[in-house]
Amino acid sequence: MKFKKVIALMLTTVLSLSALTGCGGKDSQESKGGNDTSSAEESSSAQDETDGSAEGSSQAEGESGGAEGESASGTVTLPLAETMTFTAFAGMNGDYTMTDNIAMQKSLADANINIEFTNVLGADLEEKRNLVLNSGEYPDIFIKSYIDADKYGMQGVIIPLEDLMRQYAPNLTALLDERDGWQYITASDGHVYSFPHVGSQGASNPYFWINQKWMNNLNLKEPTSYEELYDVLKAFKEQDANGNGDPNDEIPLFCNTFCNPLMLMQYQSFPYSAWEKLGIIDGKLAYVPATEEYKEFLAFVTRLYQDGLMDPNSFTQPHEQQAPTGQSGDVLGSFFDAGAFLTVGRDRDEDYIALTPWDDCLQLSPGISKGGAAITDACEHPEVVVAWLDTFYTEEGGRLAWMGVEGETYQYNSDGEWEWILGNGHGDDISTVRASSTIQGAQTHPSIEPEAWSTQMSPSIDPDEAYLGQQARKVWAHGVVPLPNLVFTEEQNAELSVIKTDIDSYITEYMAKVATGETTLEDSWDEYIETLKAMGMDRMFEIYQEVYDAAIAK
511 MKFKKVIALM LTTVLSLSAL TGCGGKDSQE SKGGNDTSSA EESSSAQDET
561 DGSAEGSSQA EGESGGAEGE SASGTVTLPL AETMTFTAFA GMNGDYTMTD
611 NIAMQKSLAD ANINIEFTNV LGADLEEKRN LVLNSGEYPD IFIKSYIDAD
661 KYGMQGVIIP LEDLMRQYAP NLTALLDERD GWQYITASDG HVYSFPHVGS
711 QGASNPYFWI NQKWMNNLNL KEPTSYEELY DVLKAFKEQD ANGNGDPNDE
761 IPLFCNTFCN PLMLMQYQSF PYSAWEKLGI IDGKLAYVPA TEEYKEFLAF
811 VTRLYQDGLM DPNSFTQPHE QQAPTGQSGD VLGSFFDAGA FLTVGRDRDE
861 DYIALTPWDD CLQLSPGISK GGAAITDACE HPEVVVAWLD TFYTEEGGRL
911 AWMGVEGETY QYNSDGEWEW ILGNGHGDDI STVRASSTIQ GAQTHPSIEP
961 EAWSTQMSPS IDPDEAYLGQ QARKVWAHGV VPLPNLVFTE EQNAELSVIK
1011 TDIDSYITEY MAKVATGETT LEDSWDEYIE TLKAMGMDRM FEIYQEVYDA
1061 AIAK
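For the sequence shown, position 111 (counting from the first letter as 1) is numbered 621 according to the numbering used here, and the numbering increases by one without interruption.
Below you can see the structure in the form of structure tokens.
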């Protein structure tokens, strides 16, 4: 395998750790720029197929030719006239490699490209990726590897891509131009270092699921305000909502240390970004935990807890306790999760609806995530890799990445809907087919989510996911991307990481103390604000304001 030798001493300065997020990520929230939408809550991205050559290949204007697929005018035509070989480090989909992946191999065959993959299990990904970088020998491409491309780009290991993309990736360029998406993949030094995942503008946080069956039992309407939500939860507690004759076995609201009551903030009447805890209030940027609006919210949470409408262990029990509780019987009135079936099981998920946002302010992710693939300075022909990766940003290329090969892993039925093909050598169940034969899954990958993924998905494939998609789209219709992309320098990130970690922990701790009655809101609020200031809140917000002002000025 062909690797780039780099002085090992230099590489000791570029090691980094990947921070991964789940069920909302840090503070139970999604990391900025979106998440890997190969999970259960995937939804459609209604992007039209952009200009490119036939069969999803990438070809800039001008005459093509040359054994290496490059013409005198600097364009790349796929398939190449002669096969080119590259090396790549790639995360695996569970136990399945990219080497044996039918979708990956079709894409490479269509381009007349060969890639020698180093495939790594997800559990070993961070350690082995850093070992490769630290060794001084690294491959041409990192794909599905969670590499911090911006950091290594600023160190010179990963190459800038913006000019290459504009010349050799017309499909991706058109998408980013159309969706104002460059901001979400541009580093603080102004360069783009990785290929993104381009999906739909989905919800940034786990949905709030409320028991429609119980509301029907009690002749209740879906709540449209915090006060109405309180009334519904109170009725769940007091009126034997599940109808089993025991008025004391209902849990109106289930929370835990991962999906905590702060998630109800997404129903505020102003745009709110949960990761930074920033909001736009009266047209100005505000640090929400220090506002009167937040004080009122804390009073609401306290009322829920002290009136017995929230599980008494909401501030101490781990997230792992949620599914066993939800599947122990008909006991949950509401909870937060990416899909209801993840908590209550597939037999009862349609008893729940995703609560419709009360104002058009629910936080949406931009649907564009960096880090799908990056190219190192070891690569002698990065323009060819760019042109190949661009094929995944058409509807056809998206289907290949997300659904595999038509006729092998999926097919269309007589109703024009697609369905998985099981027992065809690629797996006897959906999970195996997806892991073994599609490029999506596990790690962020370079592609566009195809329109067909959910809009043409046969409900018979997975009725629970189809129901989830229907509920999700209802919620998205009431959402906004609350902030422009905030790009911090390495120095700002280092400063924020120290301040923010301590402050976030204190905010959660204070909420629990107030809600449980350990302290009272009115008696402790001023001291709470002073403590936030002593912990560096003003400096943190100063950085946020500076970066926000720069972002909106662009």
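C-beta atoms are modelled at their ideal positions from N, C-alpha and C, and glycine is treated no differently.
For residue j and residue i, the rounded distance between their alpha carbons
| i | j | result |
| --- | --- | --- |
| Asn973 | Tyr862 | Note that residue 973 is Pro in the sequence shown here, rather than Asn. Distance between the alpha carbons of Pro973 and Tyr862: 14 Å. |
| Ile720 | Lys744 | 13 Å |
| Leu808 | Tyr815 | 11 Å |
| Met820 | Ala952 | 34 Å |
| Glu1056 | Gly926 | 51 Å |
| Val943 | Arg909 | 14 Å |
| Asp938 | Thr948 | 15 Å |
| Lys1043 | Ile657 | 35 Å |
| Glu1032 | Val1024 | 10 Å |
| Leu527 | Asn754 | Bear in mind that a pLDDT of 26 at Leu527, under 50, signals an unreliable position, so the model cannot answer this. |
| Gly566 | Cys769 | Reliability of the predicted coordinates at Gly566 is poor, the pLDDT of 37 falling under 50, and no value is obtained from them. |
| Ala911 | Ser617 | 9 Å |
| Thr835 | Glu1028 | 27 Å |
| Gly907 | Ile958 | 8 Å |
| Ile612 | Glu636 | 25 Å |
| Met664 | Ala1061 | 20 Å |
| Ser698 | Ile669 | 15 Å |
| Pro828 | Leu772 | 15 Å |
| Gly700 | Glu1005 | 20 Å |
| Arg676 | Thr683 | 6 Å |
| Ser824 | Thr1026 | 10 Å |
| Asn1003 | Gly666 | 20 Å |
| Thr767 | Thr826 | 6 Å |
| Gly914 | Thr999 | 39 Å |
Residues bridged to residue i (per DSSP)
| i | result |
| --- | --- |
| His707 | Ser879, Ser957 |
| Ser1034 | DSSP lists no partner for Ser1034. |
| Leu874 | Ala713 |
| Asp847 | Tyr717 |
| Gly632 | Gly632 pairs with nothing; no bridge assigned. |
| Ser783 | Leu788 |
| Gly601 | Val630 |
| Asn624 | Thr595 |
| Thr696 | Val702 |
| Val990 | Gln873 |
| Gln921 | Glu929 |
Status (buried if at least 16 other CB within 10 Å, exposed otherwise) for residue i
| i | result |
| --- | --- |
| Ser964 | buried |
| Val997 | buried |
| Pro960 | buried |
| Val1008 | exposed |
| Ala1063 | exposed |
| Leu641 | exposed |
| Asp687 | exposed |
| Asp546 | Reliability fails at Asp546, whose pLDDT of 36 lies under 50, so the model's placement of it is uncertain and the value that follows must be treated cautiously. Answer is buried; the Cβ neighbour count reaches 16. |
| Lys787 | buried |
| Glu1037 | exposed |
| Pro867 | buried |
| Leu631 | exposed |
| Asp756 | exposed |
| Asp847 | buried |
| Ser714 | buried |
| Ser735 | exposed |
| Asp660 | buried |
Cβ pair residue i, residue j closer than 8 Å
| i | j | result |
| --- | --- | --- |
| Tyr678 | Val896 | yes |
| Pro956 | Phe705 | yes |
| Asp869 | Ser783 | no |
| Glu1075 | Tyr977 | Because residue 1075 is not part of the residues shown, which for the chain are 511 to 1064, the question remains open. |
| Tyr703 | Leu674 | no |
| Gln711 | Leu874 | yes |
| Trp928 | Ala962 | yes |
| Val991 | Ala864 | no |
| Cys1065 | Asp650 | This structure leaves residue 1065 out entirely; the chain is present only between 511 and 1064. |
| Ala621 | Thr901 | yes |
| His707 | Ser879 | yes |
| Ala751 | Glu738 | no |
| Met1021 | Val811 | yes |
| Gly849 | Thr954 | no |
| Glu918 | His936 | yes |
| Asn629 | Thr607 | yes |
Any non-hydrogen atom of the ligand SAH closer than 7 Å to residue i Cβ
| i | result |
| --- | --- |
| Val854 | With respect to small molecules bound, the structure shown includes none, and the ligand SAH cannot be examined in it. |
8 Å contact criterion, which residue i and residue j should meet: CB distance rounded
| i | j | result |
| --- | --- | --- |
| Lys654 | Ala619 | No, Lys654 and Ala619 are not in contact; Cβ-Cβ is about 19 Å, not under 8 Å. |
| Pro994 | Gln693 | 7 Å |
| Ala598 | Phe627 | 5 Å |
| Leu763 | Ser844 | 5 Å |
| Met1045 | Tyr1016 | 6 Å |
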